Amino acid sequence: MHVSTFIVTCSDSRNAARDDSGRVLREGLEAAGHGIAGTLVVKDDPEAIRGALESAREAGARAVLFTGGTGIGRRDCTVETLRPLFEKELPGFGELFRMLSYRQVGSAAMMSRATAGTYQGMILFALPGSPKAVRLALEALILPELGHAVRELSR
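Just so we're aligned, residue 205 is where the sequence shown starts under our numbering, counting upward by one.
Next comes the structure, spelled out in structure tokens:
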């Protein structure tokens with residue numbers, strides 16, 4: 205099943221030209237046959253993140269992939285912005301991501317707060333801002349289950 209997706213990069217330091225993680229997501233999703241309903245780069249700001257989510261909903265996305273803002277930095281707020289909106293949280297996504305990440309980066313994996321959940325008929329993924337971490341989450345977890353997850357949302 206091919207899914208309409210939307211990519212949101214949450215960063216105070218990146219713009220569309222310097223969005224390596226967003227590019228990794230776009231290329232990986234397109235290579236797997238999924239459509240891209242839109243992409244945005246927004247500041248690490250709750251209002252901007254919620255606005256991007258609304259843009260994704262209006263564009264008809266069924267999956268929204270957020271990259272950045274999931275660490276423990278002072279400005280990181282993606283998780284705090286999205287988690288209260290989740291109708292159902294998928295804790296297994298974050299648990300599995302940190303397990304896989306641990307194999308690559310060791311104990312620093314515990315600082316990732318990657319998470320996923322559902323919201324208004326969409327599945328939301330909050331990923332780290334690192335291109336390597338994004339590639340890991342996309343290839344090992346998201347792409348193998350994206351169609352299945354969206355089908356489950358429709359049941």
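Yeah, the Cβ is synthetic: ideal placement off N, Cα and C, and Gly gets one too.
As the structure is a prediction and not an experimental result, all values here were calculated from the model.
Does the structure place the stretch 227-243 close enough to the stretch 285-292 that three or more beta carbon pairs sit under 8 angstroms?
At 8 angstroms Cβ cutoff, the stretches do not touch.
Helix, strand or coil, according to DSSP, for Met326 in the structure here?
On the sequence shown, residue 326 is found 122 positions in, with the first residue counted as 1. Reduced to three states, the DSSP call for Met326 is strand.
Can you give the beta carbon distance from Ala265 to Ser208, rounded, assuming they're within the 8 angstroms contact cut?
Within the sequence shown, residue 265 is the residue found at index 61, counting from 1. Within the sequence shown, residue 208 is the residue found at index 4, counting from 1. Their Cβ separation, rounded to whole angstroms, is 5 angstroms, which keeps Ala265 and Ser208 in contact under 8 angstroms.
Can you list, in chain order, the residues of its chain with a C-beta nearer than 7 angstroms to that of Ala344? Leave out the 5 residues immediately preceding and following it.
By 1-based counting over the sequence shown, the position of residue 344 is 140. Here the set comprises Leu304.
I need the boundaries of the beta strand (DSSP E) containing Ile240, first residue and last residue.
Translated into the one-based positions of the sequence shown, residue 240 becomes position 36. First-last of the beta strand (DSSP E) with Ile240: 239-246.
Please report the straight-line C-alpha distance between Ser316 and Ser334, rounded to a whole angstrom.
Along the sequence shown, read from residue 1 onward, the residue named residue 316 stands at position 112. Along the sequence shown, read from residue 1 onward, the residue named residue 334 stands at position 130. When rounded, the distance between both Cα atoms is 11 angstroms.
Decide yes or no for the touch test of the stretch 309-328 against the stretch 269-276: beta carbon pairs closer than 8 angstroms, at least 3 of them.
Cβ pair count under 8 angstroms is three or more, so yes.
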